[in-house]
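A.B. asks: Numbering (the numbering used here), first residue to last: 1 to 119. All C-beta atoms in this analysis are idealised placements derived from N, C-alpha and C, irrespective of residue type, glycine included. My structure is below; once you've seen it, I'll send some questions.
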């Protein structure tokens with residue numbers, strides 16, 4: 001939502017003078033944080049109107065997702081059970097996120113884990 005965008009801009013010191021390449025490095029982290037269409041739309045509006053980012057800059061940060069496209073890494077139909085379940089590859093267990101962990105820390109950790117899995 002707009003609050004996520006505001007916090008992310010503040011923590012990562014984003015500004016409308018940054019290049020498309022610089023901003024696109026943040027797309028994965030924002031994709032993880034903005035979990036649905038409403039949140040992405042609200043964040044886009046905040047970047048445009050609140051921070052004066054251009055249309056190209058906004059879409060470098062939050063690329064359009066076609067309707068019906070399932071977000072990779074999303075856990076669907078999570079069972080209500082207390083037993084240990086092996087997570088599927090590419091999923092994020094939100095219970096493992098520390099409340100003191102900043103959005104930037106979370107995004108960096110996820111990106112670092114994804115890179116180490118590919119190696």
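(1) Hey, could you find the ends of the alpha helix (DSSP H) residue 59 is sitting in?
(2) Around the C-beta of residue 62, are 16 or more other C-beta atoms found within 10 angstroms, so that it is buried, or is it exposed?
(3) Hey, how far is the Cα of residue 124 from the Cα of residue 46?
(4) Along the chain, where does the alpha helix (DSSP H) containing residue 45 start, and where does it finish?
(5) When DSSP labels each residue in this structure, what does residue 51 get in the three-state scheme?
(6) Please classify residue 114 as buried or exposed, where buried requires at least 16 neighbouring CB atoms within 10 angstroms.
(7) For residue 51 and residue 33, which I take to be in contact (beta-carbon distance under 8 Å), what is that distance rounded to the nearest angstrom?
(8) Considering only C-alpha positions, which residue in the set 40, 11, 42 and 21 is nearest to residue 60?
(9) Does DSSP classify residue 168 as helix, strand or coil?
(10) Report yes if the CB atom of residue 23 is closer than 7 Å to the CB atom of residue 57, and no otherwise.
C.D. replies: Based on what the coordinates show:
(1) Working through the chain shown from its first residue, we reach residue 59 at position 59. Looking at the DSSP string, the run of the alpha helix (DSSP H) that includes residue 59 is 55-61.
(2) On the chain shown, position 62 is the one that residue 62 refers to. Label assigned to residue 62: buried.
(3) Outside the displayed span of the chain (1 to 119) sits residue 124, for which this structure offers no information.
(4) The residue given as residue 45 occupies position 45 in the chain shown. First-last of the alpha helix (DSSP H) with residue 45: 37-45.
(5) The residue you call residue 51 lines up with position 51 of the chain shown. Correct three-state label for residue 51: coil.
(6) Sequence index remark: in the chain shown, residue 114 carries index 114 (1-based). By the 10 Å Cβ count, residue 114 comes out exposed.
(7) Stepping through the chain shown from its first residue, residue 51 is reached at position 51. Stepping through the chain shown from its first residue, residue 33 is reached at position 33. Actually they are not in contact, since the Cβ atoms of residue 51 and residue 33 sit about 16 Å apart, beyond 8 Å.
(8) The sequence position of residue 60 within the chain shown is 60, counting from 1. Closest in alpha carbon position to residue 60, among 40, 11, 42 and 21, is 21.
(9) Within the shown structure, residues of the chain are numbered from 1 to 119, placing residue 168 beyond reach of any answer.
(10) Along the chain shown, one-based indexing puts residue 23 at 23. Along the chain shown, one-based indexing puts residue 57 at 57. With contacts defined by Cβ atoms closer than 7 Å, residue 23 and residue 57 form a contacting pair.
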